[in-house]
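Participant:
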């Protein structure tokens, strides 16, 4: 293992911050709900991708890159996909239209998340490649008395699980209040949810013991997480909106199918996102895709580099709601430019700063980590070479390049600056004050401020900082 850092994570299931202790430190396992690929991902989808990429990086740092398995699924079977395929490709057979929609949008998602600085997960399974696993779980639920057939569907019977609702804190009497619960007469309980539903001739479907059909939404993640991480694994994460019903139902069907006391031991959820103080929606005209931020002038009259958007997302703690504004992104760009300008002088290979890692290990506290990065940057700006290397390595750890935003005009040559400082000291010692003032003024025009003092031996010394 690469570090002795103790991670502390806020566990939604227990509603407490806990020390993270993996089931197997040689195989730390994390599952994050990925996109349903019927449309380009919006900026709300960017938040979990970025936040849990940082967690992935932290886990790799602590336990070793070869000891962490990160699974992020792709949902490529869904009624929204069917509707989009029929709309966009009305003259194509449905299966061909669905393939066109899912391949296009899945490829765009990969392009977008890469531009945001996200590493590729260890595995990115598709729902359509795991139908057999879903059917095995459904069959097990039937055999154990947790599922029944009615109205052309196989449904999970929530009343068969004593502690259903533990993750969300809801009891069955609350399930109709503001929740995404389909109420149908054939359900024994209004909160019962679909595991498998029959498909018409015009809908995609797979043969099954219950007839040709397709899976419900929740069963997909239970199947994919079990296949790649096991019946019980370490971390399950996603957006706050997934706690109920999606994650609650994942827990129910996984635990009841396998007879386990838990599904994932730590549940993490990122907060909601709004745009310029309003909930994002197409009706308000503020629904913005990641691609639009990266490649168009729709937000703030310009496009934005992916790593600037990444920092803007991280500037608010992941569990808090975030107001995504042009001002926030501008602030993120200014801060990142400053860090990168300083780090651009790095020549060797440094390591991420320990104080930054310690701050991040406190439930992904990026604010504290950012303050620590500022401290390193100030040391680097004073010409401390080891701080420059440390800063570059720390930025790269977070998924930021050390000079990705900078033009040649903005990259400082630290050796050249140091030579100028020494030439000025020589001029001062020779009492050539005009020459010394000329050098100081030239450096100040570049945003470099000099600070004179004397050491213990009474000798003149000069330190410098980048102020621009």
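In the numbering used here, the protein residues as written are 71 to 538. Yeah, the Cβ is synthetic: ideal placement off N, Cα and C, and Gly gets one too.
Report the three-state DSSP secondary structure of residue 118 (helix, strand or coil).
Facilitator: Here residue 118 sits in helix by DSSP.
Participant: Can you list, in chain order, the residues of its chain whose CB lies under 6 Å from that of residue 99, leaving out five sequence neighbours each side?
Facilitator: If we look at residue 99 and ignore the five residues flanking it on each side, its Cβ neighbours are 139, 299, 303, 304.
Participant: Which class does residue 228 belong to by DSSP, given the choice of helix, strand or coil?
Facilitator: Helix, per DSSP.
Participant: Quick one: Cα of residue 393 to Cα of residue 399, how far?
Facilitator: For residue 393 and residue 399, the distance between alpha carbons rounds to 11 Å.
Participant: Helix, strand or coil: how does DSSP classify residue 369 here?
Facilitator: In the structure shown, residue 369 sits in coil (DSSP, three-state: anything other than H, G, I, E or B).
Participant: Among the candidates 404, 422, 97, whose CA atom is the shortest distance from the CA of residue 133?
Facilitator: Among 404, 422, 97, the Cα nearest to that of residue 133 belongs to 97.
Participant: Which residues share a DSSP beta bridge with residue 523?
Facilitator: DSSP lists 531 as partners of residue 523.
Participant: In terms of residue numbering, what span does the beta strand (DSSP E) encompassing residue 345 cover?
Facilitator: Per DSSP, residue 345 belongs to the beta strand (DSSP E) from 343 to 345.
Participant: For residue 141, report the span of its beta strand (DSSP E) as first-last.
Facilitator: Here the beta strand (DSSP E) through residue 141 covers 138 to 142.
Participant: In its own chain, which residues sit with a C-beta less than 6 Å from the C-beta of residue 92, not counting the 5 before and 5 after it?
Facilitator: Once the five neighbours on either side are set aside, the close Cβ partners of residue 92 are 98, 304.
Participant: Taking residue 172 as the reference, give the member of 160, 192, 148, 185 with the closest Cα.
Facilitator: When each option's Cα is compared against that of residue 172, the closest is 148.
Participant: Measuring CA to CA, which of 188, 152, 196 is closest to residue 377?
Facilitator: Residue 377 has its Cα closest to that of 188, out of 188, 152, 196.
Participant: Using a Cβ-Cβ cutoff of less than 7 Å, which residues in the same chain neighbour residue 267 once the five nearest sequence positions on both sides are dropped?
Facilitator: Same-chain partners within the cutoff: 222, 223, 283, 284, 286.
Participant: Going residue by residue through the segment 294 to 336, where are the continuous alpha helix (DSSP H) segments of at least 4 residues, counting only ones entirely within it?
Facilitator: Counting only runs of 4 or more, we get 318 to 328.
Participant: With DSSP as the reference, label residue 409 as helix, strand or coil.
Facilitator: Reduced to three states, the DSSP call for residue 409 is helix.
Participant: Identify the continuous alpha helix (DSSP H) that holds residue 100 and give its terminal residues.
Facilitator: Where residue 100 is concerned, there is no enclosing alpha helix (DSSP H), although the beta strand (DSSP E) it sits in stretches over 98 to 102.
Participant: With DSSP as the reference, label residue 87 as helix, strand or coil.
Facilitator: Residue state, collapsed to three classes: strand.
Participant: Residues in its own chain within less than 6 Å of residue 309 by CB, not counting five upstream and five downstream?
Facilitator: The answer, listed in chain order, is 118, 340.
Participant: Tell me the DSSP secondary structure of residue 390 in three-state form.
Facilitator: Three-state result, residue 390: coil.
Participant: If you draw a straight line from the alpha carbon of residue 348 to that of residue 211, how long is it in whole angstroms?
Facilitator: For residue 348 and residue 211, the distance between alpha carbons rounds to 42 Å.
Participant: Here's the rule: buried if 16 or more other CB atoms are within 10 angstroms of the residue's CB, otherwise exposed. What is residue 319?
Facilitator: When all chains shown are included, residue 319 counts as buried.
Participant: Do you know whose CA, among 195, 156, 94, 76, lies nearest residue 106's CA?
Facilitator: Looking at the Cα atoms, 195 is the closest of the given residues.
Participant: Taking only three categories from DSSP, how would you classify residue 518?
Facilitator: Correct three-state label for residue 518: strand.
Participant: Under the three-state reduction of DSSP, which class applies to residue 266: helix, strand or coil?
Facilitator: Strand at residue 266.
Participant: Could you check whether residue 293 and residue 207 sit closer than 9 Å to each other, using their CB atoms as the reference points?
Facilitator: The answer is yes: Cβ separation under 9 Å.
Participant: Would you kindly report the start and end of the unbroken beta strand (DSSP E) that includes residue 283?
Facilitator: Where residue 283 is concerned, the enclosing beta strand (DSSP E) stretches over 283 to 285.
Participant: Quick one: Cα of residue 519 to Cα of residue 450, how far?
Facilitator: One C-alpha to the other measures close to 14 Å.
Participant: Leaving aside the five residues before and after residue 168 along the sequence, list all residues of the same chain whose C-beta is less than 7 Å from its C-beta, in chain order.
Facilitator: 151, 152, 155, 274, listed in sequence order.
Participant: Would you say the beta carbon of residue 514 comes nearer than 8 Å to a heavy atom of the ligand ADP?
Facilitator: As far as ligands go, the structure on display features none, and thus does not contain the ligand ADP.
Participant: Residue 112 and residue 358 look like a contact to me (Cβ under 8 Å); what is the Cβ gap, rounded to whole Å?
Facilitator: About 6 Å; that satisfies the 8 Å criterion.
Participant: What residue range is occupied by the uninterrupted alpha helix (DSSP H) comprising residue 466?
Facilitator: That run of the alpha helix (DSSP H) goes 455 to 467.
Participant: For residue 203, which residues in the same chain have their Cβ closer than 6 Å to its Cβ, ignoring the five residues on either side in sequence?
Facilitator: Once the five neighbours on either side are set aside, the close Cβ partners of residue 203 are 293, 297.
Participant: Only counting the same chain, and skipping five residues up and downstream in sequence, which positions put a Cβ closer than 6 Å to that of residue 429?
Facilitator: Here the set comprises 435, 438, 439, 442.
Participant: To the nearest angstrom, how far is the alpha carbon of residue 479 from that of residue 473?
Facilitator: Because residue 479 carries a pLDDT of 38, less than 50, the predicted location of this residue cannot be relied on, and the following value inherits that uncertainty. Going by the C-alpha atoms only, they are around 12 Å apart.
Participant: Taking the Cβ atom as the reference point for each residue, do residue 191 and residue 142 lie within a distance shorter than 9 Å?
Facilitator: Closer than 9 Å, so yes.
Participant: Just to confirm, is the Cβ distance from residue 381 to residue 360 under 9 Å?
Facilitator: For residue 381 and residue 360, no; Cβs fall outside 9 Å.
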